[in-house]
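Notes follow once the structure below has been shown.
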Ligand SMILES: Cc1cc2nc3c(=O)[nH]c(=O)nc-3n(C[C@H](O)[C@H](O)[C@H](O)COP(=O)(O)OP(=O)(O)OC[C@H]3O[C@@H](n4cnc5c(N)ncnc54)[C@H](O)[C@@H]3O)c2cc1C
């Protein structure tokens, strides 16, 4: 998204991607398109006439005993997949043709240029003389390194960002201890009674210290046709012990994964145990989805929060998951990444200062991170943890409101005008 904005503004953008090919598979499954990311695809996607998401009308919380709707909120957005969003962005950035996007848009009107280089891993970043940023880039296939220079570097290298680890070595992840089991099932293999209840809605199914989120996503190659779509399931639960958690994350080859055990690698006995739990805990109508997942995978939930987003005299900016990671309860990962990118393009065209950008993205992300903790603890933790997380969220809101009021007061005193209320 940042690349698209900057290229259209006339910048010469090179994206360095460590994956060895442009063909990418979503590691997880669904992405909620709300707020900034929704606006991005409505206003800046040259193919916006071809929808990439399944419209979603409401969030429905089910009664766990009956599966009747216990409460309902309107949802202004749609749900898509990581791969559908990725291929659409590539079509807009450098016209990549793919099975998701057979007819990429004409990009000749873009004022700048865009290169997407795969198999290039950034291993070090510096600004030795205070001027251009110097990157050490490793060729993943040959392990050879080379140096590159850039006027501006945007570090969008995800939650395991090597650049963040280099520049903020003391930043720690917090891990509450629960995990998320995930998988998808084609709608064609599910009963009509079940589809009538869940399709077109974001379903939350609460259980004791556990909950499930279910929603509809595009099917193969991003198809939105009814009957060819898929259902995405995400089930948050606590492993019974640290040892069980390690066992869940150990794959069929005996290798233990740090954050995500990928598709196709789960030990059959681990999934058999989870299915047993599902049959015991979940209503028979919904358990059908869990039983039909063919390639389950699981991730440990974590979050972290940076306190700095710009380096080297505003020549390096962190955005997306590289900057701050929220627990996934509020579904904000892609949305916040879109916000960072949109606002950064305003820094590049002089409508926002780098300091204002940093303050806005850090404040918004910290609020979202603490809000996600409240949602997570509501369904997964004891009342005490809910109170603690609510208190942190309240403190954060209070502090940010006070700061905002203070800034307005200071700026009105400098300009001599009457302050507006905070
Ligand atoms: C392959 C993949 C699939 C995903 N699938 C889903 C999904 O289905 N649903 C969902 O909700 N979220 C998914 N996510 C996460 C989600 O996309 C992000 O939370 C969100 O979009 C924020 O994006 P980001 O660009 O900050 O980080 P990411 O999406 O994590 O992207 C970071 C990119 O940087 C590359 N990279 C990392 N380190 C280096 C390095 N040193 N040098 C060069 N390149 C590097 C990675 O290969 C990756 O392509 C996925 C992420 C990835 C990488």
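Residue numbers (the working numbering): 831 to 1252.
Even for Gly, the Cβ is constructed at its ideal location relative to N, Cα and C.
Bear in mind the structure is a predicted one, so any value in this text is a computation, not a measurement.
Tell me whether residue 992 counts as near ligand 1, meaning its Cβ is closer than 6 Å to at least one heavy atom of that ligand. yes
Assuming residue 1133 and residue 1003 are in contact, meaning their beta carbons sit under 8 Å apart, how far apart are those beta carbons, in whole angstroms? 7 Å
According to the neighbour-count rule (16 or more other Cβ atoms, all chains shown, within 10 Å of its Cβ), is residue 842 buried or exposed? exposed
Please report how far the alpha carbon of residue 1235 lies from the alpha carbon of residue 1243, in whole angstroms. 12 Å
CA-CA distance, residue 847 and residue 998? 21 Å
Bounding residues of the alpha helix (DSSP H) (the contiguous stretch that carries residue 834): 832 to 838
Say yes only if the C-beta of residue 909 is nearer than 6 Å to one or more non-hydrogen atoms of ligand 1, and no if none qualify. no
With a threshold of 16 other CB atoms inside 10 Å of the CB of residue 1050, please say whether the residue is buried or exposed. exposed
Please work out which residues of its chain come closer than 6 Å, Cβ to Cβ, to residue 1032, disregarding the five sequence neighbours upstream and downstream, and give them in chain order. 886, 889, 905 and 1045
Between which two residues does the beta strand (DSSP E) holding residue 1036 run? 1031 to 1037
Starting from residue 885, follow the beta strand (DSSP E) in both directions and report where the run begins and ends. 884 to 892
Given this structure, state the Cα-to-Cα distance separating residue 1021 from residue 944, to the nearest angstrom. 46 Å
Could you tell me whether the segment 1062 to 1070 touches the segment 917 to 932, where touching means 3 or more Cβ pairs closer than 8 Å? no
Taking 6 Å as the cut-off, is the C-beta of residue 966 nearer than that to any heavy atom in ligand 1? no
State the DSSP-derived secondary structure class of residue 920, mapped to helix, strand or coil. helix
Are residue 1161 and residue 862 closer than 7 Å when you measure CB to CB? yes
Could you tell me the alpha carbon to alpha carbon distance between residue 1107 and residue 893, rounded to whole angstroms? 19 Å
Check the DSSP bridge columns for residue 1086 and list the partner residues they point to. 1080
Cutting at 6 Å between CB atoms, please list the residues of its own chain near residue 1232, excluding the five before and the five after it. none
So is residue 972 buried or exposed if we call it buried at 16+ other beta carbons inside 10 Å? exposed
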